[in-house]
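Residue numbers (the UniProt record's numbering): 1 to 255. Even for Gly, the Cβ is constructed at its ideal location relative to N, Cα and C.
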Amino acid sequence: MVRRAVSGGSASIHLPKAESESALKIQKAFLGFLVRKSFRKIVDCGRRVEEIQTRICQEESFDLIMNNEMERAKVNEALMSLILQLDSLDLFSGVRCCRKAIIEKAIALQEATDAIGAIDSDNADIHRQSPTIPVNASADDLAMTEDEAEPVAESSSKSQRSAASGELESIRKDVLSYQLTQKSTSHQELLEKMMDDNEKLMSVLQEVFEMNHLQAQSISFLTSRVEQLERARLDEKLRKIRKRRHEIEIVSSKH
1 MVRRAVSGGS ASIHLPKAES ESALKIQKAF LGFLVRKSFR KIVDCGRRVE EIQTRICQEE
61 SFDLIMNNEM ERAKVNEALM SLILQLDSLD LFSGVRCCRK AIIEKAIALQ EATDAIGAID
121 SDNADIHRQS PTIPVNASAD DLAMTEDEAE PVAESSSKSQ RSAASGELES IRKDVLSYQL
181 TQKSTSHQEL LEKMMDDNEK LMSVLQEVFE MNHLQAQSIS FLTSRVEQLE RARLDEKLRK
241 IRKRRHEIEI VSSKH
């Protein structure tokens, strides 16, 4: 029950403790649900980024991405889609650091994919600059040229794959290093920001709760006042009727 103390013409509202605690529990549960929902989406996007990274690091996929421009475009499109999904999330301040780390990793993978495309361009330049074989060359000359070209091409492909893999590994290490350096402070910052958000949200909801109770009390007071006025009007009407009837009885008795 809501208690109201009247002093000096002003009314103060005292909220029941049980209702206030119930409202706070509901607020905390709802806020926790929203945070967990956003965090699950971030984790899902992070898992898909990891899958793309694993695919790029595989030898067959690496060669396909290096030699096929459409495949590179698909990888970049998938990464961009994940980045846009992360950007579109309506986040609380506490989980923004997690989203930021995954976005940076996705951008790093995009740069690595572009670097693989640059390797393919370098291969095309090497093939254009390779020495031509004379038209009148003998079969022995052709065989020697092929024997010399195969080890060079194989060595070039291995060195390029090794360089790109090393670049991917370097990017992965940079991202992991950034995550580790941020991890020590991110959890504490996450908790502090979530506590601040909880306090602000609970304060706003508490004010709304108090305003609703105050409005309910005002409506109840006005309703009670209207009932009192209605009863007073009826009492006055009955009093006049009784008075009129009494006057009629007096006149009748005289006659």
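Contact between Leu86 and Ile107 is absent: CB atoms are separated by about 11 Å, not below the 8 Å threshold. Taking Gln110 as the centre and dropping the five residues before and after it, the same chain places the C-beta of Asn76, Leu79 closer than 7 Å to its C-beta, in chain order.
Around the beta carbon of Leu84, fewer than 16 other beta carbons lie within 10 angstroms, which makes this residue exposed. Three or more beta-carbon pairs separated by less than 8 Å link the segment 27 to 41 to the segment 194 to 208, which places the two stretches in contact. Here Arg55 has Ser61 as same chain residues with Cβ atoms under 7 Å from its own Cβ, once five neighbours each way along the sequence are excluded. When DSSP states are grouped into helix, strand and coil, Leu238 belongs to the helix group.
In the structure shown, Leu214 falls within a helical segment according to DSSP collapsed to helix, strand and coil. Cβ neighbours of Ile52 within its own chain (closer than 7 Å, five residues either side excluded): Val75, Ala78, Leu79, Leu109.
Between the C-alpha atoms of Leu214 and Lys237 there is a straight-line separation of about 34 Å. Selection Gly117, Leu222, Ser38, Ala73 evaluated against Cys98 yields Ser38 as nearest (Cα-Cα). Taking the Cβ atoms as the reference, Ala23 lies roughly 6 Å from Phe209, within the contact range of under 8 Å. In the DSSP annotation of this structure, Leu89 is not part of any alpha helix (DSSP H), being labelled neither H nor E. The distance from the Cβ of Thr113 to that of Arg48 is about 15 Å, inconsistent with a contact at the 8 Å cut-off.
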